[in-house]
Amino acid sequence: MIPENVLAALRQRFELLSAPVTIDYFHQGESGLIVPGAAPRTPCPACGPTKETLEDLVGVSPKLRLVTHEFHAEPQLVESWNVERVPAVLLRRGAGAPPLRYYGLPQGLFFEVLVEVISAFPAPPSPPAALAEVLDRLTDTLSIVVVGSMRHPAGAQAVASAYQLALFSNKVEATVIEAETFPEVVQQLGLSELPATVVADKHGFSGVANTMALAQFGVDAQQSDSPRPPQVAPGSAAAIGGAPGAPPVSARSRLHI
């Protein structure tokens, strides 16, 4: 699944890991067993390729460990870790901090971001002083959900910003939803542009905000019912199904988060 030249580069990269990293993967098995009274399962065509990619990834270093979970067979774990869909990739932190979540195929530009996150995960860097001051003002756990296309550079930047804040602060809960695998999420949120970021479960914007602007928006979202959207990079929001290079997601509607 992962080309050999990329695997070779990953071997060198993960030699520098300061501690082991466990990747929890939730999938839906291909068993044809039908349980009487159980709701029919939605097919998961992305589960197989996701597992293959993760197996290739952890195979490059003994410091990487993959734990595979059957979504429907472990309901208590699914509820405890708040896993909402499959395929799901989790990086769990200690001290009661929420995990970093990724829903969808870990490929394209998003794969590169995940490699960066895994590399930094054992020993996350400290935030700049000004950013640390903003993060210290968070009054509770802050949920940040990014919906984006793995083929769109701005999507990768938005994903990186959310994960970076989560690495900086245990109060940040970062979740990424890869839009090619989950176009229904795009439709449910009524998105017309990607990437889209939803903060505190109800306040959102499209485009890419830097980590400082995103953190400040998060603080404002905890203190106000109508926080001012952050400034985003010009041209970083692409219309869905629009101009060439726009994310290839089959959904059209207005941004309404």
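Residue numbering for the sequence shown follows this note's numbering, starting at 153 and increasing by one per position.
Positions of the beta carbon are idealized from the N, C-alpha and C atoms, including for glycine.
A quick note: this is a predicted structure, and the numbers were derived from the prediction, not measured.
My understanding is that residue i touches residue j, with C-beta atoms under 8 Å, so please give their C-beta distance in whole angstroms.
{"i": "R244", "j": "D176", "result": "6 Å"}
{"i": "F320", "j": "P279", "result": "4 Å"}
{"i": "M364", "j": "L283", "result": "5 Å"}
{"i": "A198", "j": "P274", "result": "Incorrect: roughly 28 Å between the Cβ atoms, too far for contact."}
{"i": "T349", "j": "A314", "result": "7 Å"}
{"i": "H304", "j": "A390", "result": "6 Å"}
{"i": "L287", "j": "D208", "result": "Going by Cβ atoms, the distance from L287 to D208 rounds to 35 Å, so no, they are not a contact pair."}
Taking only three categories from DSSP, how would you classify residue i?
{"i": "R493", "result": "Residue 493 cannot be examined here, being either before or after the span of the chain that is shown, 153 to 409."}
{"i": "R380", "result": "coil"}
{"i": "A398", "result": "Only weak support is given to the placement of A398: the predicted model assigns it a pLDDT of 44, under 50, and the value that follows is read from those uncertain coordinates. Coil at A398, not helix or strand."}
{"i": "E222", "result": "strand"}
{"i": "A308", "result": "helix"}
{"i": "A247", "result": "coil"}
{"i": "L242", "result": "strand"}
{"i": "V349", "result": "Note that residue 349 is Thr in the sequence shown, not Val. In this structure, T349 counts as strand in the three-state DSSP scheme."}
{"i": "I175", "result": "strand"}
{"i": "F357", "result": "strand"}
{"i": "L169", "result": "coil"}
{"i": "S232", "result": "helix"}
{"i": "E330", "result": "strand"}
{"i": "I270", "result": "helix"}
{"i": "L216", "result": "strand"}
{"i": "S313", "result": "helix"}
{"i": "A318", "result": "helix"}
{"i": "A389", "result": "coil"}
{"i": "L290", "result": "coil"}
{"i": "G300", "result": "strand"}
{"i": "A403", "result": "Note that A403 scores 33 on pLDDT, short of 50, meaning its location in the model is unreliable; the coordinates nonetheless yield the value given after this. In the structure shown, A403 sits in coil (DSSP, three-state: anything other than H, G, I, E or B)."}
{"i": "G184", "result": "Residue placement at G184 is flagged as unreliable, the pLDDT there being 48, under the threshold of 50; a coordinate-derived value is accordingly withheld."}
Which value, in whole angstroms, describes the spacing of the CA atoms of residue i and residue j?
{"i": "E167", "j": "A161", "result": "10 Å"}
{"i": "Q339", "j": "A225", "result": "29 Å"}
{"i": "C196", "j": "I392", "result": "23 Å"}
{"i": "Q383", "j": "P227", "result": "40 Å"}
{"i": "E285", "j": "Q368", "result": "10 Å"}
{"i": "Y255", "j": "P239", "result": "6 Å"}
{"i": "N157", "j": "V212", "result": "12 Å"}
{"i": "T194", "j": "K203", "result": "18 Å"}
{"i": "Q375", "j": "G246", "result": "27 Å"}
{"i": "S344", "j": "G248", "result": "36 Å"}
{"i": "V360", "j": "E231", "result": "31 Å"}
{"i": "Q316", "j": "I270", "result": "11 Å"}
{"i": "P250", "j": "K323", "result": "8 Å"}
{"i": "S358", "j": "S378", "result": "16 Å"}
{"i": "G387", "j": "A281", "result": "29 Å"}
{"i": "G356", "j": "G342", "result": "12 Å"}
{"i": "T220", "j": "A310", "result": "27 Å"}
{"i": "V173", "j": "L229", "result": "19 Å"}
{"i": "A373", "j": "V337", "result": "22 Å"}
{"i": "R406", "j": "L169", "result": "Bear in mind that a pLDDT of 31 at R406, under 50, signals an unreliable position, so the number given afterwards is only what the model happens to contain. Cα-Cα distance, rounded: 43 Å."}
Going by C-alpha to C-alpha distance, which of the options sits closest to residue i?
{"i": "F263", "options": "I154, Q374, P379, V337", "result": "I154"}
{"i": "V210", "options": "R163, P250, L229, P251", "result": "R163"}
{"i": "V371", "options": "R289, S358, L159", "result": "R289"}
{"i": "N234", "options": "D208, L252, G356, F334", "result": "L252"}
{"i": "V241", "options": "N322, L206, V158, E231", "result": "L206"}
{"i": "E268", "options": "A312, V337, E332, A352", "result": "A312"}
{"i": "L346", "options": "V230, E332, A352", "result": "E332"}
{"i": "P381", "options": "Q375, P277, L159, L366", "result": "L366"}
{"i": "N362", "options": "D353, P276, A308", "result": "A308"}
{"i": "P277", "options": "G300, S301, A318", "result": "A318"}
{"i": "S301", "options": "F178, G387, P335, T220", "result": "P335"}
{"i": "F178", "options": "R165, L169, G200", "result": "G200"}
{"i": "R165", "options": "G181, A272, Q180", "result": "A272"}
Below 8 Å, can you find three or more Cβ-Cβ pairs linking the segment 248-266 to the segment 216-228?
-> no
Is it true that the segment 287-305 meets the segment 324-332, where meeting means three or more beta-carbon pairs spaced less than 8 Å apart?
-> yes
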